[in-house]
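Quick notes on the structure that follows.
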Amino acid sequence: MKLTLTTVMSWLVVAAGLYFGLGYLLNGDGAAAGFGIVDPTGYYVVKGVRDIAYALTALILLLMKQRRALGWVVLADAIIPIGDCLAVITHGGTVGYALAVHGSAAVLVLLTAGLLLRETMPARPQPVPAP
């Protein structure tokens, strides 16, 4: 992989997402304070924006006909409904509700990822050798 500014910046985007995500999982209170939202209803804005960003990422890959890349993104993002399911179960919700809503969503997301990743790539036309 060629080390360019674009590559370095791309890796920083990945690292920042992992850093902040793990920060919330490992030290939620500290991460929340660092985020700057004092009113807990601000969470709804954060959740909404992130869900829209995920949907737009999938839409862009779908419209660009990057189905294999979409499959990998959908597979990686299956952690969202799995995490939501665990959050409901461990924070006062019922197991039945968590599985019915978030567990079923996780199954559908994983099924979609599997279907996308199993698609065969169309054969690329081979150049005709010069006579």
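Its first residue numbered 65, the sequence shown is counted upward by one per residue in this note's numbering.
All C-beta atoms, glycine included, are put in the ideal place defined by N, C-alpha and C.
Host alpha helix (DSSP H) of G135 (start-end): 131-141
On the premise that I144 lies in contact with Y118, defined as a C-beta separation below 8 Å, what is that separation, rounded to the nearest angstrom? 7 Å
Taking C-alpha atoms, which residue in I153, G94, T184 lies nearest to G135? T184
Mapping the DSSP letters down to three states, classify M57 as helix, strand or coil. As shown, the chain starts at 65 and ends at 195. That puts residue 57 outside it, with no answer to give.
Does DSSP classify R114 as helix, strand or coil? helix
Buried versus exposed, by CB contacts within 10 Å (16 or more), V102: exposed
By Cβ distance below 7 Å, which residues in the same chain neighbour G98 in space, the five residues on each side in sequence not counted? none
Determine the closest residue to A140 out of V152, A170, A151, with distance taken between C-alpha atoms. A170
DSSP state of P104, grouped into three classes? coil
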